[in-house]
């Protein structure tokens, strides 16, 4: 996996559709709001409910965590909405 997508040119194979990211973000944050902190293993279980392909599940979880923790991997996410700084911060704090 690549670690510095914000500093390298992203290849087409690495592009991840926003439609793959947002359901993971919403499911994990909903679970956290309902039950407290969600471990990486628990996050993976959430993703596996939606994606039955383990490599894809790992990749989508990886991209979701990187995007919402740093908001620096936007070039790797296809069709990412153009959010304001306040909207980005609210999602990162969710």
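In this note's numbering, the protein residues as written are 1 to 94.
Note that the Cβ used here is the ideal one computed from N, Cα and C, for glycine as well.
Exercise. Whole-angstrom Cβ separation of residue 17 and residue 78, contact assumed at under 8 Å?
Worked result: 5 Å
Problem set entry | Whole-Å CB distance - residue 25 paired with residue 64, under 8 Å assumed | 6 Å
Problem set entry | Beta-ladder partner(s) of residue 78, from DSSP | 17
Exercise. Which of helix, strand or coil does DSSP assign to residue 1?
Worked result: In this predicted model, residue 1 has a pLDDT of only 46, less than 50, meaning its place in the structure is not dependable; the value taken from the coordinates is given anyway. DSSP places residue 1 in coil when its eight states are reduced to three.
Problem set entry | The alpha helix (DSSP H) enclosing residue 49, as first and last residue numbers | 40 to 50
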